[in-house]
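S.K.: Residue numbers (our numbering): 3 to 497.
The beta carbon of each residue, even a glycine, is placed where N, CA and C say it ideally should be.
Treat the numbers as computed from the prediction; the structure is a model and nothing was measured.
Quick one: structure below, then a few questions.
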Ligand SMILES: Nc1nc2c(ncn2[C@@H]2O[C@H](COP(=O)(O)OP(=O)(O)OP(=O)(O)O)[C@@H](O)[C@H]2O)c(=O)[nH]1
Ligand SMILES: [Mg+2]
């Protein structure tokens, strides 16, 4: 056929995949779902033919070996339809020379005198031994973060800092942040393949368990990158979805998060499916993977509609609660702002409640409303809300629509800003942008600069009537804030 052929073999010697390539190379199928523990090799080796006499094993083979953590990559030379030299490449445990792999050569397949089972066991033990020193716990995720854009440095950095905060809020340890300047995105891999390989290799050697991309990955990109490397690959949206999934407590919150996750997943299942069918196509039409995927897609769609129905039922209750509240005639003040600005802490400070507040992004997903007594025996309702963030994932915004719509009831917004954030300007703009999209810019609002206890005295700017400087922790400025509320509310309420 004048085409390369290859097989993927497991440790038992069972052939898991047969690959038919072209004259120049083979494409390794998606083996990302074969997972093994940390510090272990893949348990699969790739053996393939090649025609180029002088080449031996090429760089593509070696990077596949390293990125996929294969047991071995073996190339058998073919000439005049007969097998010739065998090149046997395997990874090395960390060593002083910093060599990643070793290549053995044999003059003919029959001359390979390597007891593979024992050999690979020993190698794996060596590799694991070297990682014991790092005291790695199997449950902990460690990630490298990758930001690819042509934004100026300041913006790229801000974005990476925030991504690291998101990772921390999801209990992921960040090993390294990588900023890659790209003139335009590669539709197949986001970055150029060579650069991407370099980054992924770095991740592996640092002992990462996952790569997190700051840019959202399309179905094809996600699929391609996940196939290239034996690491989990996720993007910013998935990370935020994960935090939401961990934090949601109420029934409604949980449904909303699951809906967002499924909506995110659905198009990506299709992406995986197309890649699968393309590969399977070569060796006999539709593989089992494709049928399974169609089934998965159907099940996901069913689950989405059932969740949507359930949510509708719940939002009816919410509407009634809203109506009831309106009838009571109490003005509503909503505390809004960028995530982690101190909204819940402020609610607690003003009303003496004990709502969960913590130094992590999206601590609040199930917002609370409390009654607040203002000077002059005025009663109001004070509502905490879910924090905002730049580039809020679309699926989440759709899913949390009902919760967000409660903001329409507010007579006044307290826009809480973390005064200590070096990026506070951008954070204010991000919040205002969301208000604008929701047609809520006309609702009166007070800008509340919080956490001033952490600021040096002279950094606190002179106040203007729309702004107030407070510390929800030390109570500084809180009296001024309640005065402002009492002054502003009668006006606001008649609006
Ligand atoms: N030093 C200081 N820390 C504060 C102040 N207000 C809030 N914090 C801290 O900031 C962190 C975030 O506070 P939260 O009240 O959870 O913030 P949030 O805006 O509700 O955050 P999300 O619900 O995650 O959007 C917590 O660790 C608080 O203790 C303040 O005035 N001074
Ligand atoms: Mg909160």
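With distances taken from each beta carbon to the nearest heavy atom of ligand 2, which residues come in below 5 angstroms, in chain order?
M.R.: The answer, residue by residue, is 345, 346, 365 and 366.
S.K.: Let's see if you can read the secondary structure: which residues bound the beta strand (DSSP E) around residue 420?
M.R.: 414-420
S.K.: Relative to the alpha-carbon of residue 408, which residue among 215, 384, 113 and 220 has its alpha-carbon at the smallest distance?
M.R.: 384
S.K.: Taking all protein chains shown into account, do 16 or more other C-beta atoms lie within 10 angstroms of the C-beta of residue 375, making it buried, or fewer, making it exposed?
M.R.: exposed
S.K.: For the alpha helix (DSSP H) containing residue 163, list its first residue and its last residue.
M.R.: Boundaries of the alpha helix (DSSP H) harbouring residue 163: 155-171, taken from the DSSP string.
S.K.: How close, in whole Å, do the beta carbons of residue 208 and residue 257 come, if the pair is a contact with beta carbons under 8 angstroms?
M.R.: Going by Cβ atoms, the distance from residue 208 to residue 257 rounds to 38 angstroms, so no, they are not a contact pair.
S.K.: By how many angstroms is the C-alpha of residue 68 removed from the C-alpha of residue 57?
M.R.: 19 angstroms
S.K.: Use the C-beta contact count for residue 283: other C-beta atoms within 10 angstroms, 16 or more gives buried, fewer gives exposed.
M.R.: In this predicted model, residue 283 has a pLDDT of only 34, less than 50, meaning its place in the structure is not dependable enough to derive any value.
S.K.: So is residue 342 buried or exposed if we call it buried at 16+ other beta carbons inside 10 Å?
M.R.: Residue burial is scored here from C-beta neighbours: residue 342 has at least 16 other C-beta atoms within 10 angstroms and is therefore classed as buried.
S.K.: Inspect the CB distances between the segment 15-27 and the segment 40-54 and report whether three or more fall short of 8 angstroms.
M.R.: yes
S.K.: Is residue 466 near ligand 1 - that is, is its Cβ less than 7 angstroms away from at least one heavy atom of it?
M.R.: no
S.K.: Go ahead and pull the three-state DSSP assignment for residue 255.
M.R.: helix
S.K.: Could you give the distance in angstroms between the alpha-carbon of residue 440 and the alpha-carbon of residue 335?
M.R.: 17 angstroms
S.K.: CA-CA distance, residue 483 and residue 312?
M.R.: CA-to-CA, the gap between residue 483 and residue 312 works out to about 40 angstroms.
S.K.: Residue 276 by DSSP, collapsed to three states: which one?
M.R.: A caution first: residue 276 carries a pLDDT of 41, below 50, which makes its placement in the model unreliable, though a value can still be read off. In this structure, residue 276 counts as helix in the three-state DSSP scheme.
S.K.: Determine the direct distance from the alpha carbon of residue 90 to that of residue 13, and round the result to whole angstroms.
M.R.: 16 angstroms
S.K.: Where does residue 17 land, buried or exposed, given buried means 16+ other C-beta within 10 angstroms?
M.R.: exposed
S.K.: Taking only heavy atoms of ligand 1 into account, decide whether any of them is closer than 7 angstroms to the Cβ of residue 342.
M.R.: yes
S.K.: Are residue 402 and residue 388 closer than 8 angstroms when you measure CB to CB?
M.R.: yes
S.K.: Starting from residue 196, trace the alpha helix (DSSP H) both ways and give me its first and last residue.
M.R.: Under the DSSP assignment, residue 196 falls in the alpha helix (DSSP H) whose first and last residues are 195-208.
S.K.: Below 8 angstroms, how does it come out for the segment 259-273 and the segment 176-194: are there three or more Cβ pairs, yes or no?
M.R.: no
S.K.: Hey, how far is the Cα of residue 367 from the Cα of residue 246?
M.R.: 7 angstroms
S.K.: Would you kindly check if the distance between the Cβ of residue 333 and the Cβ of residue 491 is under 8 angstroms?
M.R.: yes
S.K.: Pull up the DSSP beta-bridge partners for residue 212, would you.
M.R.: 145 and 234
S.K.: Does residue 289 come out as helix, strand or coil in the three-state DSSP assignment?
M.R.: Confidence is the limiting factor: at residue 289 the pLDDT is only 44, short of 50, which leaves the residue's position unreliable, though a coordinate-based value still follows. Three-state result, residue 289: coil.
S.K.: Within the continuous beta strand (DSSP E) that includes residue 176, where are the two ends?
M.R.: 174-183
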